[in-house]
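Going left to right, the sequence shown walks through residues 2 to 328 as the numbering used here numbers them.
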Amino acid sequence: MTFPMTRLRRFRATPALRALVRETTLEPGDLVAPLFVCHGDKIRRPIASMPGQAQLSVDEAVREAEELARLGVGGVILFGIPEKKDAVGSEGYAKDGIVPRALRAMRAAAPGLTLWADVCLCEYTDHGHCGVLAGERVDNDKSLPLLARAAVTYAEAGADIVAPSDMMDGRVGAIRKALDAAGFSETPIVSYAAKYASAFYGPFREAAGSAPQFGDRRGYQMDPSNGDEALREVALDLEEGADMVMVKPALPYLDIVRRVKERFGVPVAAYNVSGEYSMLKAAAERGWLDGERAALETLTAIRRAGADVILTYHAKEIAPILGKKFP
Ligand code: PBG
């Protein structure tokens, strides 16, 4: 059956008809909002390269979490800005570190909100790398126990989910074992399984103060040219016990999101990273595009590619308009 019997425009005529045949949904509960928590009180320090985002002290982060919970977002993921950095990232696994403090306060204030804790050392090390060093290289195996300790510390403080983003080999297994041994066999691990060495993390490193002080992350994060390797990363993380796998960044890697979803059929998250957010905001500020529509279209596309969950800085602005408006 072809034209004129078939006319695909028939179902595009009205909002109601379009809604009837819409294939992809986007709901507040699909979105997870990243938050940057810092020491101090009543602090809301705007991040210049990420309009609308700020470093928040625990009291402010709690208010933010309460608002996000009211909007029905799927959760928040916490990144910590420590008081002091050192070679081994001590505050990353200290029981009274900034992330455990924020978790405890949020747990009490927003009991229904899913709290994710990012697990990595780069915000806490003075050299800015994601593990401990051996010379100028990140020592994979020496970093594992520290990452596992961080994950247990966050679970103890009330994290519902731990999400390792360091890209060390074997860290999912090490974290699973440590969580189980500490009595947290029910705490899920969302692994940043296919995390690429990306230019799109630039604004985040300003936000978290986590730029590497020498070299770059290409010795542990993935080469943007590789797709098959992403599937191997995912397969290994699942074998080690990951409950959900993440692809990061999102927009330049939608093919990877799709391949992971099709191959493994497991819950998939995609991280719509800082650079993706900033470039859209910058264009919108100049009036070059409609920021709200572009954000909706972007998030819908990430869902359409196969992501169940999207970590995005747009969560707070977009959650209230979902269901009311669509690209
Ligand atoms: C830390 C981490 C990074 C991001 C999330 N966790 C930065 C990096 O690897 O340099 C990036 C998030 C973003 O850009 O929004 N390992």
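Virtual Cβ for every residue (Gly too), placed ideally from N, Cα, C.
> Distance, Cα to Cα, Ala200 vs Pro321?
Replying inline: Looking at the two C-alpha atoms, the distance is approximately 30 Å.
>> Under 8 Å, with one C-beta from each stretch per pair, do the stretch 142-157 and the stretch 232-245 reach the 3-pair mark?
In response: Note that the stretch 142-157 does not touch the stretch 232-245; fewer than 3 beta-carbon pairs, one per stretch, sit closer than 8 Å.
>> When you measure from the CB of Arg206 to every non-hydrogen atom of the ligand NAD, does any distance come out below 7 Å?
In response: With respect to the ligand NAD, the structure offers nothing, as its ligand set consists of the ligand PBG.
>> With H, G and I counted as helix, E and B as strand and the rest as coil, what does DSSP make of Leu9?
In response: If DSSP states are grouped into helix, strand and coil, Leu9 belongs with the helices.
> Can you name the residues that DSSP bridges to Val246?
Replying inline: Bridge pairing for Val246: Ser192, Val269 [DSSP].
> Are there 16 or more other CB atoms within 10 angstroms of the CB of Phe205, so buried, or fewer, so exposed?
Replying inline: Phe205 counts as buried, since no fewer than 16 other beta carbons sit within 10 angstroms of its beta carbon.
> Three or more beta-carbon pairs under 8 Å between the stretch 159-166 and the stretch 96-112, yes or no?
Replying inline: The stretch 159-166, when compared against the stretch 96-112, does touch it at the 8 Å Cβ threshold.
> Can the beta-carbon of Pro52 be found less than 8 Å from the beta-carbon of Leu312?
Replying inline: Judged by their CB atoms, Pro52 and Leu312 are not nearer to each other than the 8 Å cut-off.
>> Using a 10 Å radius around the Cβ and a threshold of 16 neighbouring Cβ atoms, would you call Lys86 buried or exposed?
In response: Burial is judged here by how many other beta carbons sit within 10 angstroms of a residue's own beta carbon; Lys86 has at least 16 and is buried.
>> Considering only heavy atoms of the ligand PBG, does any lie closer than 7 Å to the CB of Ser166?
In response: Correct: Ser166 has its Cβ closer than 7 Å to the ligand PBG.
>> For a test of your reading of the model: does the CB of Arg218 fall under 7 Å from any non-hydrogen atom of the ligand PBG? Yes or no.
In response: Within 7 Å of the C-beta of Arg218 there is at least one heavy atom belonging to the ligand PBG.
>> Which of the three DSSP states is assigned to Met223 in this structure?
In response: If DSSP states are grouped into helix, strand and coil, Met223 belongs with the strands.
> Taking the alpha-carbon positions, what's the Tyr94 to Tyr314 distance?
Replying inline: Going by the C-alpha atoms only, they are around 25 Å apart.
> When the Cβ atoms of the stretch 105-122 are set against those of the stretch 63-80, are three or more pairs found closer than 8 Å?
Replying inline: Touching, yes.
> Just how far apart, CA to CA, sit Cys121 and Leu290?
Replying inline: For Cys121 and Leu290, the gap between their C-alpha atoms comes out near 35 Å.
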